[in-house]
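The structure appears right after this line, and notes come after that.
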Amino acid sequence: MATLDYVDVPPCATRLQTNVPIEDIRPTPKIVTPLPRPERSHTRSASLPSNLSPTSPTKVAFNLPQVLLSSALQLPANAPATPRDGGKGATRLLTTRDPLSIPITTVNFRRFVSKSGPAFWLQDRLEEIVMWRKGQKYTVVWMAVYAFICYFPRTVLLLPHVVLLGILLGTHPVLRRGISPDDTICATVEPLPLPLPVQPGEGSIDWLANVQAIQNLMGAVSDAHDFVLPVVPHLTHASPYTSIILTFTLVTFLLAIPLINLLPMRMTFLTLGLSPLVFTHPFTRLTLLPALLSANRLLLRRARVRMYRTIDDDRLEDRHWHAEMREVALFENERWAAGEEGAGADAGWGKAHLRPGERKAWTRGRDGWSGVADDGSGDVSSNLTFSLAPGWLFVETEEWRPDVEGTWIDAGRADDCGWVYTDDTWLDPQPAPLEDWKKAGTMTRRRRWIRRIYYDPATTV
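Residues in the sequence shown are numbered from -19 upward in steps of one, following the working numbering.
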């Protein structure tokens, strides 16, 4: 077995002797592996054209028919009009409604955008309450209302009446037009009722705001789905951990039955309902939590690493568990370019800013000189050739992960993303750039990526 010179070997380790002659050892094969996918730097957003900003709907020429009729949403030629109608084992749903059609989708989407404003208005009002956007008095009043309901839970049955009365009183012409009650008694003509709210026209600011809210809602639903999807196999008896989860759930359920009778329900619901508002208070978010996180930052990093490793271990197959496993390392190197007056289009961290003759964008050693073969562009979508000893393969169920603990350097010298910042000569590692480096406009950084490999004797035959 060839020596893995890029793997950290403990000093106390003893190399095993082999009977294979040196000349019979085959050269290390080149294995193609995708580059790690680092997060995009915030400095890159400055170079984007202004007409591509996703958060400014009023500045974007939004053509809904063109979007819906684009090639990305074209229906296949053999697409059935009612996808769930017919077929063995297919459920007959939506068969009595309109068939699948892009024109109908366009019309219904336009109608949905025009009429979805109240739902997102309610979402904004709830966000103002929960996130303390309108001051402490506004949120404290709603906290008092919730506390009143907790101590008098039967008032929940009156909430529909309270809501309806609030709408009727809030839209009364006397209150909306500033007319006193005495004037209405003496008046011979009753005030005219308020006109119905006008739906926003297509292309208006309110209409585009609804489109933006729908866009963000679709992203939130997709993120929630991707977050829950890895847990589904454990709940559908498709994982060996299902029996453990079932046993734990049954035990906790039986233990919770007597505890429910002991808990004071009013105080319990009061605490559970007000706790999120306490955690979203500006003092908690901006002062208390950062202080606690900074004091336990290293512990949180280690907990995050252990969590990701547990997820990776759960995805391993039997051949991985029965094989010898190790870790290989890859270093990502970048240099800072200040640009013109510190805010040019090319300003920020980037691999293209590395100087000729210095370390490559991706290297196997921390010294930065053992480069890895790639296309030379530094594009994260390209592949690289990584040399592994005969019989060693990358674990197929996982990818490269950044070493956020910074185990290759002194503890506390890396930031939350694993970056270690250095001066112009790649020396003096720090967890954040120093002010002298920022003034000089010359600084560098690097971080370590790790991935596991396993030994398969069948590949050496």
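Yeah, the Cβ is synthetic: ideal placement off N, Cα and C, and Gly gets one too. As the structure is a computational prediction, the values presented were derived from the model and not from experiment.
- request: Take the Cβ of LYS95 as the centre, count every other Cβ of all protein chains shown within 10 Å, and call the residue buried at 16 or more, exposed below.
  value: In the sequence shown, residue 95 corresponds to position 115, counting from 1. Exposed, since its Cβ has fewer than 16 Cβ neighbours within 10 Å.
- request: Excluding the 5 residues preceding and the 5 following ARG277 in the sequence, name in chain order all residues of the same chain whose CB lies nearer than 6 Å to its CB.
  value: Taking the first residue of the sequence shown as position 1, residue 277 is located at position 297. Within the same chain, ARG277 has no close Cβ partners at all.
message: At 4 residues or longer, what runs of the alpha helix (DSSP H) sit wholly inside the region 95 to 144?
response: 97 to 110, 116 to 131
query: At a cut of 8 Å, does the region 242 to 249 reach the region 98 to 118 through at least three beta carbon pairs?
result: Inter-segment contact for the region 242 to 249 and the region 98 to 118 is absent: fewer than three beta-carbon pairs are separated by less than 8 Å.
- request: Rounded to whole angstroms, what's the CA-CA distance from PRO14 to PRO413? Just pull it up for me.
  value: Taking the first residue of the sequence shown as 1, we reach residue 14 at position 34. Taking the first residue of the sequence shown as 1, we reach residue 413 at position 433. Linking PRO14 to PRO413 through their CA atoms gives a straight-line distance of about 29 Å.
query: Curious, which full-length beta strand (DSSP E) runs of at least 3 residues does the region 252 to 329 contain?
result: 305 to 317
message: Assuming TRP187 is part of the alpha helix (DSSP H), what are its boundary residues?
response: The residue you call residue 187 lines up with position 207 of the sequence shown. In the DSSP assignment, TRP187 falls within the unbroken alpha helix (DSSP H) covering 185 to 208.
message: Using the Cβ count rule (16 or more neighbours within 10 Å means buried), how would you classify PRO98?
response: What you label residue 98 is simply residue 118 of the sequence shown in a count that begins at 1. Classification of PRO98: exposed, given that the 10 Å Cβ count is below 16.
query: Between which two residues does the alpha helix (DSSP H) carrying LEU235 extend?
result: Residue mapping note: residue 235 aligns to position 255 of the sequence shown, counting from 1. From DSSP, the alpha helix (DSSP H) with LEU235 extends over 222 to 242.
- request: Decide if TRP406 is buried, meaning its Cβ has at least 16 other Cβ atoms within 10 Å, or exposed.
  value: Mapped onto the sequence shown, residue 406 falls at position 426. TRP406 is buried by the Cβ-count criterion.
query: Is there contact here, the region 413 to 430 with the region 367 to 386, by at least three beta-carbon pairs under 8 Å?
result: yes
- prompt: Are ASN313 and ALA271 close, meaning C-beta to C-beta below 8 Å?
  reply: Here residue 313 refers to the residue found at position 333 when the sequence shown is read from its first residue. Here residue 271 refers to the residue found at position 291 when the sequence shown is read from its first residue. For ASN313 and ALA271, no; Cβs fall outside 8 Å.
Rounded distance between the beta-carbons of VAL285 and GLU385, thought under 8 Å: In the sequence shown, residue 385 corresponds to position 405, counting from 1. In the sequence shown, residue 285 corresponds to position 305, counting from 1. Confirmed, Cβ separation roughly 6 Å.
- prompt: Distance, Cα to Cα, TRP187 vs MET423?
  reply: Working through the sequence shown from its first residue, we reach residue 187 at position 207. Working through the sequence shown from its first residue, we reach residue 423 at position 443. For TRP187 and MET423, the distance between alpha carbons rounds to 46 Å.
query: Of all the options ARG289, ALA275, GLY345, which has the alpha carbon lying nearest to the alpha carbon of ALA309?
result: Locating residue 309 in the sequence shown gives position 329, counting from the first residue. The residue with the shortest Cα to Cα distance from ALA309 is GLY345.
field: Enclosing beta strand (DSSP E) for TRP406 [first to last residue]
entry: The residue labelled residue 406 in the question sits at position 426 within the sequence shown. Counting along the chain, TRP406 falls outside any beta strand (DSSP E), and DSSP gives it neither H nor E.
field: Continuous alpha helix (DSSP H) stretch holding PRO213: start and end
entry: Counting from one through the sequence shown, the residue named residue 213 turns up at place 233. Unbroken alpha helix (DSSP H) run through PRO213: 212 to 215.
field: Between the CA atoms of PRO256 and ARG113 - distance to the nearest angstrom
entry: To locate residue 113, count along the sequence shown from 1; it is residue 133. To locate residue 256, count along the sequence shown from 1; it is residue 276. C-alpha separation (whole angstroms): 15 Å.
message: According to DSSP, simplified to helix, strand and coil, what is LEU334?
response: What you label residue 334 is simply residue 354 of the sequence shown in a count that begins at 1. Here DSSP, grouped into helix, strand and coil, assigns LEU334 to coil.
task: Would you list the residues sitting across from PHE89 in a DSSP beta bridge?
output: Position 109 of the sequence shown, counted from the first residue, corresponds to residue 89. Paired residues: none, contrary to the question.
Per-residue burial, THR135 [other beta carbons within 10 Å of its own, 16 or more giving buried]: Position 155 of the sequence shown, counting from 1, holds the residue named residue 135. Counting Cβ neighbours within 10 Å, THR135 comes out exposed, since fewer than 16 surround it.
- prompt: Which residues share a DSSP beta bridge with PHE374?
  reply: Start at 1 with the first residue of the sequence shown, and residue 374 comes out as number 394. For PHE374, which the question treats as bridged, DSSP gives the partners ILE433.
query: How should ARG315 be labelled, buried or exposed, when 16 other C-beta atoms within 10 angstroms of its C-beta is the threshold for buried?
result: Against the sequence shown, residue 315 aligns to sequence position 335. When all chains shown are included, ARG315 counts as buried.
message: I'd like to know whether the C-beta atoms of THR260 and VAL110 end up nearer to each other than 8 Å.
response: The sequence position of residue 260 within the sequence shown is 280, counting from 1. The sequence position of residue 110 within the sequence shown is 130, counting from 1. Going by C-beta atoms, THR260 is nearer than 8 Å to VAL110.
message: On the CB-based measure, 16 or more other CB atoms within 10 Å of its CB, does ILE147 come out buried or exposed?
response: Mapped onto the sequence shown, residue 147 falls at position 167. The residue is exposed, with fewer than 16 neighbouring Cβ atoms inside 10 Å.
query: With respect to the beta strand (DSSP E) encompassing LYS10, which residues constitute its N-terminal and C-terminal limits?
result: Position 30 of the sequence shown, counting from 1, holds the residue named residue 10. Per DSSP, LYS10 belongs to the beta strand (DSSP E) from 10 to 14.
message: Can you check which of these residues, LEU80, ASP436, GLU338, GLY328, is closest to HIS302 by C-alpha distance?
response: Numbered from its first residue, the sequence shown carries residue 302 at position 322. The residue with the shortest Cα to Cα distance from HIS302 is ASP436.
query: Do the CB positions of LEU368 and ILE11 come within less than 8 Å of each other?
result: The count along the sequence shown starts at 1 and reaches residue 368 at position 388. The count along the sequence shown starts at 1 and reaches residue 11 at position 31. Yes, these two residues count as a Cβ contact at 8 Å.
- prompt: Cα separation between VAL258 and PRO83?
  reply: By one-based count along the sequence shown, residue 258 stands at place 278. By one-based count along the sequence shown, residue 83 stands at place 103. Those two C-alpha atoms are separated by around 48 Å.
- prompt: Alpha carbon to alpha carbon, how far is LEU49 from ALA204?
  reply: As a first step, residue 49 must be located in the sequence shown, where it is residue number 69. As a first step, residue 204 must be located in the sequence shown, where it is residue number 224. Reliability fails at LEU49, whose pLDDT of 49 lies under 50, so the model's placement of it is uncertain and the value that follows must be treated cautiously. So the alpha carbons of these two residues sit roughly 28 Å apart.
message: So for ALA83, helix, strand or coil by DSSP?
response: On the sequence shown, residue 83 is found 103 positions in, with the first residue counted as 1. It is worth fixing the name first, because residue 83 is Pro in this sequence and not Ala. PRO83 falls in the helix class under three-state DSSP.
field: Assigned secondary structure, ARG425 (DSSP; H/G/I helix, E/B strand, else coil)
entry: In the sequence shown, the residue the question calls residue 425 occupies position 445. In this structure, ARG425 counts as strand in the three-state DSSP scheme.
- prompt: Can you tell me whether DSSP reads ILE417 as helix, strand or coil?
  reply: As a working note, residue 417 is residue 437 in the sequence shown. One point to set straight first is that residue 417 is Trp, not Ile, in the sequence displayed. Note: TRP417 maps to helix in three-state DSSP.
field: Closest by C-alpha distance to ARG299, when choosing among VAL208, ILE225, LEU254, PHE374
entry: What you label residue 299 is simply residue 319 of the sequence shown in a count that begins at 1. The candidate whose alpha carbon is nearest that of ARG299 is PHE374.
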